[in-house]
Structure formats: C-alpha cells, structure tokens
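Since the structure comes first, as structure tokens, the remarks are kept for the end.
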Ligand SMILES: [Zn+2]
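Residue numbers (the UniProt record's numbering): 1 to 214.
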C-alpha cells in the first residue's frame, strides 16, 4: 500500500484549481496541476475532473516516470509534461497548466516563441529584477503524443540559454508554468497570463497588417 498523499499537497492543488477556474483558465475539464512530494513522488490531478471542484478524490500519486501508484486511477493525460519538468529541474516543486483565451489565441498566431518586453510583471520571473527586460516564451506545436511532445520540449530547452524560462506555450492549447512551490508557480502563471492578456488587448487596438481584426 502506497503512502497517503500529504494533506498540504492536496490543499495546494485544490486551492490552485479554484484560483485558475476563477480566472477562466481551465474551462470544461481542461488544465492540470501537480506538486512534488518527497521520495520521487508527484501528486497530480486525475483525468476528467473540473478544476473548480477538486477534492482529495481528484488527486493521485505518480512516480517521476508518470506511472500511477494505484494502477486503477488515471492521471491527467499530460502527466508526462509535468514529470519532464520535475526530472529536468530538481528545484521545481509545483507545475500548473491552463488553457486561457489569451494563451490559446496568441500561441496559434505565433512563430516558435512570443517575445514579452518592458512589462513590470516580468519581475515575476527569476533573474529579472526590473521591468527593463525581455523574455522569449517558447511556443511548441501541439501533439497528442505526450512522450513526443516532451521530447520536443527537451530539445528546445537544450537550445535555450540558461537560466531556462520556467514555462512554455503549446500552440492552440495552453501554457505550462512551474516554480519552487505552488505560490511561486501561480504567481508566475498570473504574471504571464496578465502580459499575454495585454498583448491581446494591444492587438485589438493595433491589428497587425494582414490580420483579421477589422
Ligand atoms: Zn491541456
């Protein structure tokens, strides 16, 4: 019998789900949320639960390889992407994934990254002490084969200069963001979503040449 999932980890996931749902970042049963546990374990949302109404029954434990401790339970379809971040970055304690309108629309029209520069909220990211900074947020093509998508993520990380930005977009799909704990991951997610919403607002008043906006 596997160890129970610590109460604090469940609380962090339930609360994150509520916050993300309040912002309309996890429509239907979209999104997934995880926390690193001691001993190479991860607590992650189960497949098919709405993130506004999570409870302890909606959270399960997997190994760093994504294998469920209880084989009768099905983890989120994208568990492999969470595990990939935990394996690559030992300091990561929480990973969040959401499907906002801004991250979906902007990633669909982006190339292989989205540049964000001059925003006060860039300070939400590590190593950027002032707004006078720029980041290139990676955009990866969507893929239902999660192992292949994770391999593409790792190939992108290999091309990026250190420190690796703690997040990326999947085209037409959503965002992944991580941090040392859930509060940090959510702060980065909120900062990123705010900047993407600003980019959306900017597009609607300054449509790009050839864009479909009137
Ligand atoms: Zn998703």
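Using N, Cα and C, we set each Cβ at its ideal position, and we do this for glycine too. Just so we're clear, the structure is a prediction, and the values are computed from it rather than from any experiment.
{"Item": "Sequence-distant residues of the same chain with beta carbon closer than 8 Å to residue 198, five excluded per side", "Value": "119"}
{"Item": "Inter-residue Cα distance where the pair is residue 187 and residue 15", "Value": "13 Å"}
{"Item": "Candidates 168, 40 and 145, of which the one nearest residue 2 by Cα", "Value": "40"}
{"Item": "Inter-residue Cα distance where the pair is residue 213 and residue 172", "Value": "Note that residue 213 has pLDDT 48, beneath the 50 cutoff, so the model's placement of it is unreliable and no number is given."}
{"Item": "Own chain, CB closer than 6 Å to residue 178, minus 5 neighbours either side, in chain order", "Value": "85, 92, 95, 166 and 185"}
{"Item": "Whole alpha helix (DSSP H) elements within the segment 140 to 209, 4-residue minimum", "Value": "146 to 159 and 182 to 205"}
{"Item": "Rounded C-alpha distance that separates residue 144 from residue 59", "Value": "22 Å"}
{"Item": "Residues near residue 142 in its chain [Cβ-Cβ closer than 6 Å; skip 5 each side]", "Value": "170, 171, 172 and 173"}
{"Item": "Backbone CA spacing between residue 277 and residue 164 [nearest angstrom]", "Value": "One cannot answer for residue 277 here, as it falls past the ends of the chain, which runs 1 to 214."}
{"Item": "Neighbourhood of residue 115 by C-beta, 8 Å cutoff - its chain only, sequence neighbours within 5 removed", "Value": "134, 135, 136 and 137"}
{"Item": "Residue 102 versus residue 201: straight-line alpha-carbon distance, rounded", "Value": "9 Å"}
{"Item": "Residue 44 and residue 90 closer than 9 Å at C-beta", "Value": "no"}
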